[in-house]
Amino acid sequence: MTPRPVDLRKEPVEAVLDRVERSLGVSLSRETVVRKRRSLGARTDRNTWVRIERRGLDRIGVQGGDGTASAEALRGIAKPAWLTGVAWRDDREPVMWRADETELLPASPVSSAVVAEDPQLPEEWWNALSTSLDGLAAQHTNRIATPDTETLTQKLVTGTIHSVFPGVDTAVTEWRPAHADFNWANITAPVFCVFDWEDWGMAPRGLDAASLWGASLAVPALADRVRSERREDLESRDGMLMTLFVAAKILGPYADPEDPRLVPARKTAEQLLQELQVD
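Right, dumping it as structure tokens:
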């Protein structure tokens, strides 16, 4: 049974917030509640943050939906510490709810997922970005990344790329741990920190860098800076494939004709297709 599609920005959520308060023994500040499509967040009376996610059982797979908690074992990465959590199955739908309490962020998120103007990030921010991504890539895990809640397999990579760029050899050779939802809404500034770890796991090399590049394309100088900082990843063969993977999502059948990222995504993709020598 597939759960009904839900947008938590439009659904009544008071009962969910009440249950989380009882389970974790906290009071959630209703004035600070942040609503997203499939998650909620709020500050607590003990100066922490609680993130609540609704995820269909068909989207949990073998990982159990505990990404934020399991990420606590990661080292050398700027992220808020995980403190406690609770999960339960919805009594009416095939859905799991999970609430995780973490430290507060050291700064505000940079913007929405896709940035519209240059955030003017300091050099130490870029240094911390690379340190954290390098640190993450060196970790070990049995988890598989789930970007957009889809398990990231070779089949998914091939299908996504071929839907826009048929003929590319999409065989991935190097898999590394990745955050898998690496965009400007999940990163803070001016102090660098990355949060919302529910989808992290093994992914083709360069996924996070390519994701941030794609989220930066409306600001060409920022997209260029991302590519420059993560050049080693993005110029690897798998990094090129991940750039095409991200570009395919931007350029695919649901593309917004007004999206300012369309032209630069297409231009970069054409260059990569030549380098990858498509048959």
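With this note's numbering as the guide, the letters of the sequence shown map in order to residues 1 to 279. Built from N, CA and C at the ideal position, the CB exists for glycine as well. Bear in mind that the values here come from a model prediction, so they are computed numbers and not experimental data.
### Task
For His280, count neighbouring C-beta atoms within 10 Å of its own C-beta (all shown protein chains included) and say buried if the count is 16 or more, exposed if not.
Because the chain here runs from 1 to 279, residue 280 falls outside it and cannot be looked at.
Within this structure, are the beta carbons of Arg46 and Val16 separated by less than 8 Å?
The residue labelled residue 46 in the question sits at position 46 within the sequence shown. The residue labelled residue 16 in the question sits at position 16 within the sequence shown. Between Arg46 and Val16, the C-beta gap is not smaller than 8 Å, which leaves the two residues out of contact.
Open item on the list: DSSP has Ser39 in a bridge; who is on the other side?
Closed with: If you number the sequence shown from 1, residue 39 lands on position 39. According to DSSP, residue pairing for Ser39 in a beta bridge involves Glu53.
Checklist entry - Going by beta carbon distance, what residues of the same chain come within less than 7 Å of Glu21, once the five residues before and after it are set aside? => result Position 21 of the sequence shown, counted from the start, is the residue given in the question as residue 21. Correct list, in chain order: Ser27, Leu28.
Rounded C-beta distance between Pro177 and Ala215? I'm assuming under 8 Å. The residue given as residue 177 occupies position 177 in the sequence shown. The residue given as residue 215 occupies position 215 in the sequence shown. Rounded, the Cβ-Cβ distance is 20 Å, inconsistent with contact.
key: Buried or exposed (CB count within 10 angstroms, at least 16 for buried), Arg54   = As a working note, residue 54 is residue 54 in the sequence shown. So Arg54 ends up on the buried side.
Checklist line | Which of helix, strand or coil DSSP assigns to Thr131 | finding: Along the sequence shown, one-based indexing puts residue 131 at 131. Judged by DSSP in its simplified three-state form, Thr131 adopts helix.
* beta strand (DSSP E) runs contained entirely in the segment 48-127, provided each spans 3 or more residues -> With a minimum length of 3 residues, the continuous beta strand (DSSP E) runs that stay inside the segment 48-127 are 49-56, 82-89, 95-102.
Can you tell me whether DSSP reads Arg25 as helix, strand or coil?
-> What you label residue 25 is simply residue 25 of the sequence shown in a count that begins at 1. The displayed chain sequence assigns Gly, not Arg, to residue 25. Gly25 falls in the coil class under three-state DSSP.
*According to the Cβ coordinates, are Ile187 and Pro106 closer than 8 Å?*
Residue 187 sits at position 187 when you count from the first residue of the sequence shown. Residue 106 sits at position 106 when you count from the first residue of the sequence shown. The Cβ atoms of Ile187 and Pro106 lie no closer than 8 Å to each other.
Worksheet item: With C-beta atoms as the reference, is Lys36 less than 8 Å away from Thr160?
Response: Residue 36 sits at position 36 when you count from the first residue of the sequence shown. Residue 160 sits at position 160 when you count from the first residue of the sequence shown. Result no, Cβ atoms of Lys36 and Thr160 do not sit closer than 8 Å.
Quiz prompt | Cβ-Cβ distance between Thr151 and Gly239 below 8 Å | solution = Within the sequence shown, numbered from 1, the residue matching residue 151 stands at position 151. Within the sequence shown, numbered from 1, the residue matching residue 239 stands at position 239. Taking the C-beta atoms as reference points, Gly239 is found no nearer than 8 Å to Thr151.
Requested in this report: Could you name the residues of the same chain whose beta carbon sits closer than 7 Å to that of Arg227, not counting the 5 residues immediately before and after it, in chain order?
Outcome: Counting from 1 along the sequence shown, the entry for residue 227 is found at position 227. Result list for Arg227: Trp213, Leu234, in chain order.
Would you decide whether Asp261 is buried or exposed? Buried here means 16 or more other CB atoms lie within 10 Å of its CB. Counting from one through the sequence shown, the residue named residue 261 turns up at place 261. Going by the sequence as given, residue 261 is Arg instead of Asp. Buried, by the Cβ-count rule.
- request: Report the three-state DSSP secondary structure of Trp200 (helix, strand or coil).
  value: As a working mapping, residue 200 is identified with position 200 in the sequence shown. Here Trp200 sits in coil by DSSP.
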